[in-house]
Every structure is written in C-alpha cells, then in structure tokens.
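Written out below as structure tokens is the structure these notes cover.
Protein chains: 2
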Amino acid sequence: MSDVVLTTFDWVPETPRGYVRDLRVRWALEEAELPYRVEVTPFGDRTAEHFLHQPFGQVPWLTDGDIVIFESGAILLHLGASSDALLPVDPQRRNEVIQWSFAALNSLEMASLPWSLFLFSGDTEETPGKQLLDKFLAARLGHLEAALVGREWLAETFSMADILTADVLRLVDRFDGLAQHPACRDYVARATARPAFLKAHSDQIAHFAAAD
Amino acid sequence: MSDVVLTTFDWVPETPRGYVRDLRVRWALEEAELPYRVEVTPFGDRTAEHFLHQPFGQVPWLTDGDIVIFESGAILLHLGASSDALLPVDPQRRNEVIQWSFAALNSLEMASLPWSLFLFSGDTEETPGKQLLDKFLAARLGHLEAALVGREWLAETFSMADILTADVLRLVDRFDGLAQHPACRDYVARATARPAFLKAHSDQIAHFAAAD
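If you're matching them up, the sequences are chains A and B in order. Quick note: the first sequence uses our numbering, first residue 31, plus one each step. Quick note: the second sequence uses our numbering, first residue 31, plus one each step.
Here it is in structure tokens:
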C-alpha cells in the first residue's frame, strides 16, 4: 500500500489545466513507477492548513511517510533519491542532472514565466521594461538551443532535469515562443511524447474535469 | 591544499559589484569554513570554454576535485553534502532546508529579478503587464513576510536556504522594495550582519576592484 500522497487543488479554471505544477510531480512519479494517491486542498479559499504546508499558497506538496515537502523542484529531488530514472547515483552524472534542474528553475523559468504573465495580461505595449524581458528570454533560449543541438536529453539519459526543463518550455511553446528555437521545440515534443508525461497530463485534466 | 576552485568573471562594471552570484558561493564556503581559491573567466569576450562550463554564459561555476558544477543553487547543494552548517543531515530538517532553497530560487527570485530588471531599465510606465509583475512580487513577499514573523531563520538553524533567500531579498531591498515588509527587511539585515557574509562581500568587491 502506497503512502505517497500528492496534494493539489480540488479544482482550477480551464486556462491553467494541464499546466498546474502537480504535473511535474505526477510525471516524475510515473517515470519512477512509484504508486501514489491524490488529495485536494480548496482552490477558492486557501486554508490555514494550506499555508502551513505551502507558505506561498501554491500547489503541490508531497507527503512521503514522515516527510512533507513543497516546491516541485524539491519534491523531484526527494523522489530522485529513490529512483535512478529521475536522478542517477553516480556522483558526476548526478551533479549534471542537479545543475540542469536548477538551471530550468532559476536560469530559464525566471525569464519565461514573467514573459508569459505579460502575455496573459494582454499587454502589447513595447516599453523598455517589456523589451528587456523579451531580450532576457531570447538570450536564455538561445543558449539552451545551442546546448540542445545534437542532444536527446540534457544529461546522458532522461532525468528530472528534463521534466523540469520541458515543462518550463511547454508554457513558452503555448504562446508560440519557441518559433525561433527548433531544437528546443523538438526537445519539448520528444519529452511530451513519453508515456509517463501523457499519463500524468491526462490524469491532471481528468482530476480537474471531475470537479466541474 | 585546497582543490575547491570558484570561477567568476575577471571584472564587472560598478553596478553589479557586490551582487554577482559568486557571492552566494563565497558566502556558503565561508559559513562552511571550506578553503577555496578563485579563478577567472573574461567578462568581455565569453569564451567557448566558458560556455562548456556554464551554458548560459553566466558565473559562477565550481570545481571540486572531479566535479565541475554550475548554477549557484546546485553548487550550494553540493557544498551542503559536506557541511552541516549549510544542510543538516537529519532527513526532516534536510527537506525543510531544501524546500526553502527551491522556494528562494523559483517562487521568490522568479518574481523579484524581472521586477528589478524593469527598474534597471528605467521603465516607469504603468502598463497592465508591469502591474501584474508588481502584484506578483508583492504577493510572494507578503507570504514570505508571514512565514518570517517570529522566526530567526527559515529552518531551525541558519542554512543554505537563508543564503539564497537573503541574497534574493538584498536586491529587492536595494530598490527599496521591502519597505512594506519589515520582517523581510529585518531578516536581510540579520543575515548580512553575519561574519561569513561580510567576508564574502568584501572579497568580491576587492576581487573586481583589483581588475580596474
């Protein structure tokens, strides 16, 4: 019997469905073939208990026996300790995966998410600040593009770094932000064709649809 | 004799001095009392060797024997494995530190750095996109403020999570962005009063000044 519990929202609006961050954890759990069950916390009124587990009022958090942990990056690192499919044991390869995981969250998503927020807001004004954000994202994607050419995955084999990176790029792709970066686009297509992603994605869609 | 080598730029302009990310690593090395030496890579013309070690053309990267690793978060996690001063061994406490470290880099800095970029650009236009960024940062700081009230450090004792969080907040504070968040401001003051921070900071300033 599994005691791994993933907590996510009970419901979210249509727009974020398929992009809620429990997806990263679902995907990792599927890749690692670790059984888990899902519990929910209200989307509408964030409870005191929610903030106790996730101080920023976000989801997901994971319960694994005695451990309760938030931040999808931290959760994947935790799961990686029990699965070579996410994080190799060999120190060199392990560090390679860890550095690319942090790169996804700190070098890449820091540029891509604010850019997406701007597009969500419907803001089309070309102010100097907006242009700096565009340039910031283009530079990071350009460097990633160069790193991805001729590579299947970021490290020697598929890892948690690819889950994080592909999920970050997926949101850029949704706004057609990868048009100038074919290696990035192909990489996202490759990653999201994996059975573990497809299962995780359809499970998230079904979870929120069930609450409509 | 030490074989820990921190690579940073040979020189940077005045504005970023004191804020270049090798500071996070210097600070961690000082807290852990690990000896290290500094090597440099050109700021002006980023070399092919630079991109080999750091695909985004940033600094720092760390060499520790056979391991070469980039991303300051990944480097701190690597150093944490050999120092309880950065990362506790106990699994519960360890997870607490790791989740807050990811929160600093992904939940907090993702909101604060784009906001700082906007201010750097001199953009004062109140477009919907800019207002969304302001709101994004204010929400994250508000949640952190609530978490910090009555706490000295994010986990039970000072850790790598505090190095990352305080360094993220320091840049917000530079633009007077913590005026409405006194617990955050006090926390930064507390963290940056530590001898290890003061040493790391003055070492970085001296390093770049020596190249003028």
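Every residue gets a Cβ at the ideal spot worked out from N, C-alpha and C, and that includes glycine.
What's the call for alanine 239 of chain A, buried or exposed, on a 16-neighbour Cβ count within 10 Å?
exposed
Please say whether tryptophan 91 of chain B and alanine 241 of chain B have beta carbons closer to each other than 8 Å?
The answer is no: Cβ separation not under 8 Å.
Do you know offhand how far leucine 117 of chain A's Cα is from histidine 108 of chain B's?
14 Å
If distances are taken between C-alpha atoms only, which option among A:Phe166, A:Trp183, A:Leu149 comes closest to leucine 201 of chain A?
A:Leu149
Specify the secondary structure class of tryptophan 183 of chain B as computed by DSSP and reduced to three states.
Tryptophan 183 of chain B falls in the coil class under three-state DSSP.
Could you check if lysine 165 of chain B is buried or exposed, using at least 16 other CB atoms within 10 Å of its CB as the buried criterion?
exposed
Which word fits threonine 195 of chain B, buried or exposed, when buried means at least 16 other C-beta atoms lie within 10 angstroms of its C-beta?
buried
Is the CB-CB distance between leucine 147 of chain A and leucine 167 of chain B below 8 Å?
no
May I ask you to list the residues that DSSP assigns as paired with leucine 92 of chain A?
A:Leu36, A:Ile99
Euclidean distance between Cα positions of glutamate 61 of chain B and valine 70 of chain B:
22 Å
Distance check for tryptophan 183 of chain B and alanine 221 of chain B, CA to CA, integer angstroms please.
9 Å
List, in order along the chain, the chain A residues whose C-beta lies closer than 7 Å to that of glycine 87 of chain B?
His173
Can you check whether the CB of aspartate 33 of chain A is closer than 8 Å to the CB of glycine 103 of chain A?
If you check the CB distance, glycine 103 of chain A and aspartate 33 of chain A do not come in under 8 Å.
Kindly indicate which three-state DSSP category valine 253 of chain A falls into: helix, strand or coil?
In this structure chain A extends from 31 to 242, so residue 253 of chain A is not present and cannot be described.
Contacts of isoleucine 99 of chain A in chain B (Cβ-Cβ under 7 Å)
In chain order: Asn125, Gln129.
Using a beta-carbon distance below 8 Å, is threonine 77 of chain A in contact with chain B?
At a cut-off of 8 Å, the C-beta of threonine 77 of chain A has no neighbouring C-beta in chain B.
Secondary structure at arginine 170 of chain B, three-state DSSP: helix, strand or coil?
For arginine 170 of chain B, the three-state secondary structure derived from DSSP is helix.
Provide the residue span of the alpha helix (DSSP H) that contains valine 243 of chain A, from first to last.
Only positions 31 to 242 of chain A appear in this structure, which leaves residue 243 of chain A out of reach.
With valine 70 of chain B as the anchor, note down where its beta strand (DSSP E) starts and where it stops.
67-71
Hey, how far is the Cα of glutamate 186 of chain B from the Cα of isoleucine 99 of chain A?
15 Å
Does the stretch 44-57 of chain A come within contact of the stretch 226-238 of chain A, defined as at least 3 CB pairs closer than 8 Å?
Contact holds: three or more Cβ-Cβ distances are below 8 Å.
So glutamate 101 of chain B packs on glutamine 129 of chain A, CB below 8 Å; how close in whole Å?
Contact between glutamate 101 of chain B and glutamine 129 of chain A is confirmed by a C-beta separation of about 5 Å, below the 8 Å threshold.
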